[in-house]
Each structure stands twice: as C-alpha cells, then as structure tokens.
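Engineer: Each number in my numbering corresponds to the 1-based position in the sequence shown with 19 added. C-beta: ideal position from N, C-alpha, C; glycine also. Since the structure is predicted, the reported quantities are computational estimates derived from the model, not experimental observations. Following this message is one structure expressed as structure tokens.
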Amino acid sequence: MTKRKNNILPNPLDEGQLYLGWVELLYEIIRQFASTLDLDEVLGTVLSMTVQSVGANEGSIFLLDNQGWVKRSILARGNVPPEVKFPVLVTVMSKGFAGWVFQNRRADIIQDTKNDPRWVPLTDDPHATRSVIGVPLVRREQIVGILTLTHPKPNVFTSWHLELLNAIARQAAAAIENAQLYTQANNERQMLQAILGSVQEAIIVADLRDRIIFWNAAAQQSLGLTENARNKPLKDILAEDALLFFYQTAEGERRFKQVALNDGRYFECSLIRVPNIGKVLAMHDITTFKKLDALKSEFVSHVSHDLKNPLMLIGGYAALLEEDLEGTSAAHAGTITQTVERMREFIDDLLDLSRIEMGIEAEFKPIDMNGVMLASVTNMQALAMQNDIALITKQTDSELIVKGSPVRLGQAISNLVGNALKFTPGGGKITTCTSMEEGLIVVRVADTGPGIPPVLQGKLFQKFSKLGQDTTRGGEGHGLGLAIVRSVVEAHGGRVWVESQVGEGSVFAFGIPAYQEKG
20 MTKRKNNILP NPLDEGQLYL GWVELLYEII RQFASTLDLD EVLGTVLSMT
70 VQSVGANEGS IFLLDNQGWV KRSILARGNV PPEVKFPVLV TVMSKGFAGW
120 VFQNRRADII QDTKNDPRWV PLTDDPHATR SVIGVPLVRR EQIVGILTLT
170 HPKPNVFTSW HLELLNAIAR QAAAAIENAQ LYTQANNERQ MLQAILGSVQ
220 EAIIVADLRD RIIFWNAAAQ QSLGLTENAR NKPLKDILAE DALLFFYQTA
270 EGERRFKQVA LNDGRYFECS LIRVPNIGKV LAMHDITTFK KLDALKSEFV
320 SHVSHDLKNP LMLIGGYAAL LEEDLEGTSA AHAGTITQTV ERMREFIDDL
370 LDLSRIEMGI EAEFKPIDMN GVMLASVTNM QALAMQNDIA LITKQTDSEL
420 IVKGSPVRLG QAISNLVGNA LKFTPGGGKI TTCTSMEEGL IVVRVADTGP
470 GIPPVLQGKL FQKFSKLGQD TTRGGEGHGL GLAIVRSVVE AHGGRVWVES
520 QVGEGSVFAF GIPAYQEKG
C-alpha cells in the first residue's frame, strides 16, 4: 500500500501555497509523460506521485476500450494479488463508482461510502474505504480511462482536489493517446517491414532530401546495400546514370521504367513520390527475361534477313509480270507486288525493332529536339495535305538538347505523326509540339481523331497491337509503329504515354531526360 509521505497540498485555506503545489505536481507529471512512451511505467509513476501528493490512501487507473471494458489497470498499492484484479475490475465497472463515472462522463466525489449507493464494497477488502474521488480521462470526446483515489476517512476530498485531478486527467489522457498512437505506428511499421522483407522486389525508401532511410532484404542482396547507406543520398550509394529518373519525378506521380545497371543487369523500376514522406523505389530484376528477349530479337533479325531476298525476287518478278500481262492477270500481279511491299515494310520494321532492342546503332550525341521535330514533320507534310489534314508544329524558342540518335528519334516522331494521320479524318488537325518539363524534353503529337477507349490505351505501345481498321485510313497496320516508338524512347532513358477520350482525339507523347553537359 502506498501511504502518504508528504502532502504538497496543505490546508485548502492557504490558496497561494495550494496553487504552488499544483504547479509543482503538474510540472513533474508533464515531465514524466514527456520522458517515455512506456504507458504502464509512466502511469504507475504519475499515479504514485498523485496518491502521495494528495494524501490519498490508494489509487487506480483503469484503461478502457470504446465499450467501457477495462483493458488494463494500474493500482498504486502492492498487496492486491494479480488474480483478484479481473473480477474486481468487472464488479467495479459494472456496479461501482468507476462505472458511474464512465456512464455519466463526469468527475465526482463520494464523501462517505457508507451513505452513497454508488460505492460497492468488495468482499474481504482489507481497506476500509470511506472517501472516494473519481475523474474520467477524456481524449477527443472519448473516455480512455478512469482515475480513482480513495481514503479510509470520510470527507477528505474537496473541490480543490477535483480540479487538480481533472488537470492530471487531461495530461494522462493525452499521454495515453500518444502511447497508443506510437504503439499502433510501431506495429504497422513492423508489419510493413515484415511484408517488404518477404517480397522479391528490391524496395528502397528515401526521404524528402533523397536520403535512403529504408531498404528491404532483397535490396540489400541484389544491390549490395549495407548499414553505411542509411541517411546517405541514393546517388552516392548507387552511382548509376540509369537511376537519374529517381530525381525527376513529380509529387504524387508514379513512374515505370526499365533500367540497365552498369554491371549489365536489367531492372523493371516503379517509382512513386509520396507527399510529406519522400520516394519509394521498387526494382524487379528482369535480367533473365531481357536475355531471352535479346535471343528472340536476334532470331527475328536473322529470319527477317533470310526473308528479304526471296521477297525481293518475288516482288521483282511480279512487277515484270504486271508489265507484260493485261486485264485480270495484270491486276493479280499488281496485288502480289503490293502485298510484297507491305511484307517488306513489315520486315524492315521488325529489323528496326530488333536493332533498337539489341542496342545496335546506339551511338548517341547531343542534338536539338526542335530540329529533329521540324525535319520529321516536314517529311510528313505532303501526306497530310494529300488527306486534307492540317499538320501544325509548335516549338520553343530555346534549344531542347538531348543525347541520342537523331535518326531513331526522328523515326519515333514520324511514327507518331503517321499514326495520327491514319486516325484523323479529312479536315482535321494534327499538332506537334516540344517543351521542357521537370528535366524532361517532351514531344507531343495531338490529333482530332475519334479517340481511344481507356480499355485499349494500355496496349497501344505493345508489339502487334492493333485498334482495328474501321477508323483507320489506308487499311490496318502491322502493329509495330508504336512499339518502335516505345523502344526508341526507352533506349534514350525516357518514357511514352497517351492521353485520350473517345470523341475528343488523342495526344501521344514521350519524354527524354534533358542533356546536361558534365563539367
């Protein structure tokens, strides 16, 4: 039993000394609450201080759930057997004074338990309680606990004690909430770490200053991260030019990108910038798939080369037959010639795609995207005029420099414009433009075509993807034009996207990191 050792609350008539005692006690209680998040420890200390300072015989704090059930109790007396606590708590909360405080949501005093039915005496209770004071611990309109003090003499507690305990209760309720929030956050953090630790993808989390604050086991294993990496910039730990996009992501934006590390491995990366937190980077090793894809591309390249010569012979003989024949026979020969030409274009695209994916002709140099855009659009003007389509170019006055292949980037722009020409009706308009946006040189090709349903937009840049021929001019393509655009752009460290609504046209775009001369 905790007995009163020194009462810093003297005779209530001495108000100055009384308030001084309050200030000293509350200051010490606030200091205790600020010193630790161990709820049992701090509440036990505060309860003992309160019992001693007020001059009570004993005290208790019940921590409650939303329904008023006691989750945990702290008693400022040492001789209550643990097995007695639960039935005592049930009785007190269901029939006793603590239950009354909870139900009525207010503090009160029992001056003499012999004359107050709210007090339920316990069987074999060695403490002859006569005075009781109880206050609810309220936080955000919810009662999170009950603080109760008792004394063996009647008429001990006054309104002064009630005010003091209400002040203590407010501090205790705040401490309980803080401890519960800390426990909840800690549990969620441990659960998140367990989840991230079990996934195969390498996960790296950086703060708002791009310093590494967390990585999982997969990142440690695949990227060689050690404890020395903590709180250091990612660029200092992973000196990979391919990861520069890590610093070029807008807030709330999610980016997907395939990157090739300096050691020859390939990763599919997903990056999101989270407001007020930082960035989360997930990296999935796709090196094996890349090798298989390279073998497939090499195979396609060889097969395509083997097909070109026979097709040239077929086309040549068909052209000769078309000249010598007349009528229906000449028409059939002409059909053969046209079909061979389409197959030749298809094979050329296959070869281009294979070369791009295999990194052939990958000699890059600084170039101005304005010039590449203008040259590509100029080459398409005749076809646009032939189909009564206005082809407009908008460019910035300043140079937009990227490091890349002018031939391949020109091919990508031509493919986008050619795709727009297929879907834009006569009298329509195609607008091309370049711009600088958050470290990226962005190229956009906007048309006034029929638009693309959302369900189809995710497949547009895949190989052999086709929208059908109902809305196209000149028949259905072979489905490689946009795939080539994607391969070219990704080979330059960029990304492609489409913005479209049915009935309102489409905007195809790609962005490539701006070139920054080292020095």
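Could you tell me whether the Cβ atoms of I408 and I471 are closer together than 9 angstroms?
Structural biologist: Position 389 of the sequence shown, counted from the first residue, corresponds to residue 408. Position 452 of the sequence shown, counted from the first residue, corresponds to residue 471. No; because the gap between Cβ atoms is not below 9 angstroms, this pair is not in contact.
Engineer: Name the two residues that bound the continuous alpha helix (DSSP H) containing Y201.
Structural biologist: Along the sequence shown, read from residue 1 onward, the residue named residue 201 stands at position 182. That run of the alpha helix (DSSP H) goes S178 to S217.
Engineer: Excluding the 5 residues preceding and the 5 following S454 in the sequence, name in chain order all residues of the same chain whose CB lies nearer than 7 angstroms to its CB.
Structural biologist: Locating residue 454 in the sequence shown gives position 435, counting from the first residue. For S454, where only same-chain residues beyond five positions count, the Cβ hits under 7 angstroms are T415 and V461.
Engineer: Spell out the partners DSSP gives P155 in its beta bridges.
Structural biologist: Here residue 155 is taken as the residue at index 136 of the sequence shown, counted from 1. In DSSP, P155 forms a bridge with I165.
Engineer: Can you check DSSP and say which residues form a bridge with M302?
Structural biologist: The residue labelled residue 302 in the question sits at position 283 within the sequence shown. A221 and C288.
Engineer: From E518, L215, G530 and S433, pick the residue whose C-alpha is nearest to that of L501; which is it?
Structural biologist: The residue you call residue 501 lines up with position 482 of the sequence shown. Ranking E518, L215, G530 and S433 by Cα distance to L501 puts S433 first.
Engineer: Who are the Cβ neighbours of E102 in its own chain at under 8 angstroms, not counting the five residues just before and after it?
Structural biologist: For the purposes of this step, residue 102 is identified with residue 83 of the sequence shown, where counting begins at 1. Interpretation of E102 is limited by its pLDDT of 37, a score under 50 that renders its predicted location unreliable; no figure is taken from the coordinates.
Engineer: Report back the beta-carbon spacing between I222 and A301 to the nearest angstrom; my notes put them in contact at under 8 angstroms.
Structural biologist: The count along the sequence shown starts at 1 and reaches residue 222 at position 203. The count along the sequence shown starts at 1 and reaches residue 301 at position 282. Yes, they are in contact, since the Cβ atoms of I222 and A301 sit about 5 angstroms apart, within 8 angstroms.
Engineer: Taking C-beta to C-beta, are V526 and V517 nearer than 9 angstroms?
Structural biologist: For the purposes of this step, residue 526 is identified with residue 507 of the sequence shown, where counting begins at 1. For the purposes of this step, residue 517 is identified with residue 498 of the sequence shown, where counting begins at 1. Result yes, Cβ atoms of V526 and V517 sit closer than 9 angstroms.
Engineer: Under DSSP, the alpha helix (DSSP H) around R230 begins and ends at which residues?
Structural biologist: As a working mapping, residue 230 is identified with position 211 in the sequence shown. Note, R230: premise wrong, no alpha helix (DSSP H); not H, not E.
Engineer: Roughly how many whole angstroms lie between the Cα atoms of A533 and G458?
Structural biologist: Taking the first residue of the sequence shown as position 1, residue 533 is located at position 514. Taking the first residue of the sequence shown as position 1, residue 458 is located at position 439. Those two C-alpha atoms are separated by around 6 angstroms.
Engineer: DSSP three-state call for W138: helix, strand or coil?
Structural biologist: Position 119 of the sequence shown, counted from the first residue, corresponds to residue 138. Coil at W138, not helix or strand.
Engineer: Is it buried or exposed for I48, if we count other Cβ within 10 angstroms and need 16 for buried?
Structural biologist: Here residue 48 refers to the residue found at position 29 of the sequence shown. Buried is the call here.
Engineer: Would you identify the three-state DSSP class for E518, choosing helix, strand or coil?
Structural biologist: Counting from one through the sequence shown, the residue named residue 518 turns up at place 499. If DSSP states are grouped into helix, strand and coil, E518 belongs with the strands.
Engineer: Alpha carbon to alpha carbon, what distance is there between I375 and A465?
Structural biologist: Reading the sequence shown from its first residue, position 446 is the one you call residue 465. Reading the sequence shown from its first residue, position 356 is the one you call residue 375. In a straight line, the C-alpha of A465 is about 25 angstroms away from that of I375.
Engineer: M331: buried (16+ other C-beta within 10 angstroms of its C-beta) or exposed?
Structural biologist: If you number the sequence shown from 1, residue 331 lands on position 312. So M331 ends up on the exposed side.
Engineer: If we ignore side chains and look at the alpha-carbon of each, how far apart do E196 and R158 end up?
Structural biologist: Position 177 of the sequence shown, counted from the start, is the residue given in the question as residue 196. Position 139 of the sequence shown, counted from the start, is the residue given in the question as residue 158. For E196 and R158, the distance between alpha carbons rounds to 7 angstroms.
Engineer: Grab the span of the beta strand (DSSP E) containing V526 for me, first residue to last.
Structural biologist: The residue given as residue 526 occupies position 507 in the sequence shown. Residues S525 to P532.
Engineer: By the three-class DSSP mapping on this structure, what secondary structure does K90 have?
Structural biologist: Locating residue 90 in the sequence shown gives position 71, where the first residue counts as 1. K90: strand per DSSP, three-state reduction.
Engineer: Excluding sequence positions up to five away, which residues of its chain have a Cβ less than 7 angstroms from the Cβ of K478?
Structural biologist: Numbered from its first residue, the sequence shown carries residue 478 at position 459. Once the five neighbours on either side are set aside, the close Cβ partners of K478 are S484.
Engineer: Pop quiz: V163 and L83 are said to be a contact at Cβ under 8 angstroms. What is the actual Cβ separation, rounded to whole angstroms?
Structural biologist: Your numbering for residue 163 matches position 144 in the sequence shown. Your numbering for residue 83 matches position 64 in the sequence shown. That pair is a contact at about 6 angstroms.
Engineer: Smallest Cα separation from K276: which of R284, G283 and S289?
Structural biologist: Start at 1 with the first residue of the sequence shown, and residue 276 comes out as number 257. It is S289.
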